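Data block below; observations after.
In the working numbering, the protein residues as written are 1 to 131.
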């Protein structure tokens, strides 16, 4: 006697990730503004998105400074406003890219160069106004 086992074939086509929204090549902002960088991908199964620093290590949250927010097929890096004395070159003058992966494959965005500038108070003007 022969027994045939069949597995259900999915009607959903499986495909590797494809970027739908890619971060800009360069993002410049001042320390008194909130800045959001977005990456979005599609695929089947749905890809997961992570952000990588230029050395290939994952970008992680830094409370009150930068946060990675994932929602479905979209991921955002949110840079919070910061005091000039909290400027961090490794965060505010860096390069990042997004990586979308699923069981079929992976796709990586172009590098996004982050350039934050810290506003400095004009101490000379403040001293003159006190006189």
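Beta carbons are placed, not taken as given, at the ideal position from N, Cα and C, and that holds for glycine.
Remember, it's a predicted structure, so these values are computed and weren't measured experimentally.
field: Three-state secondary structure assigned by DSSP to residue 91
entry: helix
- request: Give me the Cα-Cα distance between residue 65 and residue 16, rounded to the nearest whole angstrom.
  value: 33 Å
- prompt: To the nearest angstrom, how far is it from the Cα of residue 75 to the Cα of residue 81?
  reply: 19 Å
message: What does the alpha-carbon distance come out to for the pair residue 43 and residue 111?
response: 21 Å
- request: Give a yes or no on whether the C-beta atoms belonging to residue 46 and residue 109 are separated by under 8 Å.
  value: no
- request: Taking residue 44 as part of the beta strand (DSSP E), name the residues at either end of that continuous run.
  value: 35-44
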